[in-house]
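In my numbering, the protein residues as written are 52 to 291.
By construction, the Cβ of each residue, glycine as well, lies at the ideal position given by its N, Cα and C atoms.
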Amino acid sequence: MKLFTHKGLFITATDTGAGKTLISGVVAKLISQQGKKVGVFKPIATGCRTVKGKLISEDAEFLKYCCNSELALDVITPIRYKIPAAPLACEKAEKKKVNLSTLFNAYEQICRNSDFVVVEGIGGVKVPITSDFDVLDLAKALKLPVIIVAKAKLGTINHTLLTIEAVRRKGLLLAGIIINGYDEKTVDFAEKTNAEFIKKLGKTKILAVVPDDKKTNMAKNIVGRKVTDALRKINWLKIK
């Protein structure tokens, strides 16, 4: 399916739990506050809960709230699974195929109804969506600049540099790195120096270092001020 080019960002991560849903939601909110109609898209969600016989993604609910989207959750996240696992594994376990046409049709609908789109990937860049299509392939198809969300903890240099390498090898435009969950109270030597070495060795930008904010509660649609302040400094509309 040939997709038309749209203004936006593809937000991925070094792995699950890095905080890309939080970052995606806040970025979408900040852009919408600049007078843009923002579309949010989480193509696939696993680990969904069942409500009245229907699978609901909490991540999709948060993204929808952040930009006050008028679109249905079914459009924001067209493919959903109950089991918390890679889509390819869920497909086999739940006997429900990943339909890429459904995914791309939803994306087209979001683009038609927005000035700017924020796409959140699933897991890391090599997570398999089908047997021959992974998150990197999805980012390639959407033709959006990529932002990598990385954890602040020990080990993130390795994970981040590997992700940077994979993104560039695919021919994608890397907009930069966001380090998330920086603990200002218990910060250790690794956390203090991670950003410096990722920037130097990865030859990339560190867009933001986002503090861990205990006031953030995504289930209640609450984002701590420290998170918002760290991301507000960036002009998201000029990222390329």
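Could you tell me whether the Cβ atoms of residue i and residue j are closer together than 8 Å?
i, j, result
"Thr67", "Thr211", "no"
"Pro94", "Ile134", "no"
"Thr128", "Ser152", "no"
"Ala259", "Ile285", "yes"
"Ala69", "Lys202", "yes"
"Ile82", "Asn231", "no"
"Asn164", "Gly90", "yes"
"Gln85", "Leu288", "yes"
Looking at C-alpha atoms only, which residue of the options is the closest neighbour of residue i?
i, options, result
"Asp125", "Glu235, Asp264 and Lys105", "Lys105"
"Phe61", "Arg276, Pro196 and Val261", "Pro196"
"Ile215", "Gly206, Ala203, Ile228 and Lys204", "Ile228"
"Leu154", "Asp183, Ala192 and Glu121", "Ala192"
"Ala190", "Arg220, Ile208 and Lys251", "Arg220"
"Lys194", "Lys291, Ala79, Ile74 and Val77", "Lys291"
"Leu223", "Asp188, Ile249 and Thr207", "Asp188"
"Phe92", "Cys162, Asn268 and Val278", "Cys162"
"Leu114", "Ala281, Lys271, Arg276 and Leu205", "Lys271"
"Glu242", "Lys254, Leu225 and Leu205", "Leu205"
"Arg283", "Thr72, Val77, Gly59 and Thr63", "Val77"
"Val261", "Arg100, Gln84 and Arg276", "Arg276"
"Pro138", "Phe184, Pro179, Gly253 and His57", "Pro179"
"Ala226", "Lys254, Glu145, Val238 and Glu235", "Lys254"
"Ile249", "Glu235, Ile208 and Val278", "Ile208"
"Thr101", "Asn150, Tyr132 and Val176", "Tyr132"
"Ala144", "Gln160, Thr97, Asp183 and Val176", "Thr97"
"Gly59", "Ala123, Tyr116 and Glu159", "Glu159"
"Thr181", "Glu171, Lys146 and Leu213", "Lys146"
"Ile273", "Glu121, Leu122, Tyr116 and Lys103", "Tyr116"
"Glu112", "Val149, Met269 and Lys289", "Met269"
Since residue i is in the alpha helix (DSSP H), which residue starts that stretch and which ends it?
i, result
"Val218", "Thr207 to Arg220"
"Lys244", "Sequence check: residue 244 is Thr here, not Lys. Counting along the chain, the alpha helix (DSSP H) containing Thr244 begins and ends at Phe240 to Gly253."
"Ile82", "Lys71 to Ser83"
"Leu139", "Pro138 to Glu145"
Can you tell me the Cβ-Cβ gap for residue i and residue j, rounded? I've got them flagged as a contact below 8 Å.
i, j, result
"Ile198", "Val186", "At roughly 13 Å, the Cβ-Cβ gap does not stay under 8 Å, so Ile198 and Val186 are not in contact."
"Phe167", "Lys87", "5 Å"
"Lys80", "Cys141", "With a Cβ gap of about 29 Å, Lys80 and Cys141 do not count as contacting."
"Asp280", "Tyr233", "Their Cβ separation, rounded to whole angstroms, is 13 Å, which puts Asp280 and Tyr233 out of contact at 8 Å."
"Asp110", "Thr63", "Not confirmed; about 14 Å, so no contact."
"Ala217", "Val176", "5 Å"
According to DSSP, residue i sits in a beta bridge with which residue or residues?
i, result
"Val89", "Phe167"
"Arg131", "Ala96"
"Tyr233", "Pro262"
"Val197", "Phe61 and Leu225"
"Val102", "Lys105"
"Ile273", "Asn268"
"Thr153", "The partner list for Thr153 (beta bridge, DSSP) is empty, contrary to what the question assumes."
"Lys202", "Asn231"
"Gly175", "Ala64"
What first and last residue would you give for the beta strand (DSSP E) that runs through residue i?
i, result
"Val261", "Ile257 to Pro262"
At least one CB of chain B closer than 8 Å to the CB of residue i: is that the case?
i, result
"Asn268", "The structure shown contains no chain B; it holds only a single protein chain."
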